[in-house]
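Here's the structure we're looking at; comments come further down.
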Amino acid sequence: MSEEKLLVRLSGTAAEVLNELVRRGYFATKSEAIRAGILRLGESFGLFKSSMYYWRELDEEIKKTGKKMTHEEILEALKKLEQEA
Amino acid sequence: MSKKPERAYLDSMVFIFGRLEECNSRLVLFLAQLGEFEVVTSELVLEEVERFFRENFSREAGYLARKYVEELSFRIIKRSDINAEKSLLRGKIKGKDLENVAAVKHENLNYLVAYDKDYDEASVKEYITPKDFVKLFNLKPYDKEY
């Protein structure tokens, strides 16, 4: 996993928005808000796909197969998975 | 008020039940998606989740499930990193659970979220059910444990 450490100077609207995001409790820290912002930017420019994207796609794919598993079937399949591990 | 967990290891069953049923495992995944805590998993979890969806739904479902786990995880523990922990635990933990517990010990995590009585029987102190984990975030859980 790559890592970047950087010092960001913000002023004006960017600084105000950042402070407000933390003040309203959307993010616990400014660093967290900046991290989330970068990911959103990356997602909107098509650089990567978020977990939410795959969550929705998986749901669509499951529906497409038309298969529904009962609770017992899931348990059975999980047991099989563990035995084969 | 109890302190909210910052990191937790999620067992394969959390991803599987969380995607397929309205349950506490789903709440755990939503909390992770909201960034309420960091998800730690392992190569074993990646493989198991992929295989489950591939074998029970489709090859594409397997791929998407794997990508979902990868994107949600802050860290995925490699098998080669936990050999020492596995050696120490061998004989104390059932083979099927060994890699999960070894990964939890390796990362010094306080929570192993799963629903498996074998962890209880082996007195794995980090073990917590999805229901109890959700409670740590002051959410009202579903009645079912998983």
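Taken in sequence, the protein lines are chains A and B.
Mapping the first sequence onto my numbering, position 57 (from 1) lands on 60, and the numbers just tick up by one.
Mapping the second sequence onto my numbering, position 104 (from 1) lands on 1500, and the numbers just tick up by one.
All C-beta atoms, glycine included, are put in the ideal place defined by N, C-alpha and C.
Asked	Found
Three-way DSSP call (helix, strand, coil) for Ser54 of chain A in this model	helix
DSSP state of Glu1417 of chain B mapped onto helix, strand, coil	coil
Those residues which DSSP pairs with Tyr1523 of chain B across a bridge	B:Leu1508
Cutoff 9 Å: Arg1486 of chain B Cβ touching any chain A Cβ	no
Range covered by the beta strand (DSSP E) that runs through Tyr1405 of chain B	Arg1403 to Leu1406
Local conformation of Ser1469 of chain B per DSSP, three classes	strand
Which of helix, strand or coil DSSP assigns to Arg1455 of chain B	helix
Beta-carbon proximity list for Leu1440 of chain B, same chain, < 6 Å, skipping 5 on both sides	Glu1495
Leu1532 of chain B versus Met1409 of chain B: straight-line alpha-carbon distance, rounded	19 Å
Minimum Cβ-Cβ distance from Glu7 of chain A to chain B less than 9 Å	no
CB contact check: Glu75 of chain A to chain B, cutoff 9 Å	no
Cβ-based contacts, 8 Å cut-off: residues of the region 1447-1473 of chain B near chain A	Arg1447, Phe1448, Phe1449, Glu1451, Asn1452, Phe1453, Ser1454, Glu1456, Ala1457, Leu1460, Ala1461, Lys1463, Tyr1464, Glu1467, Leu1468 and Arg1471
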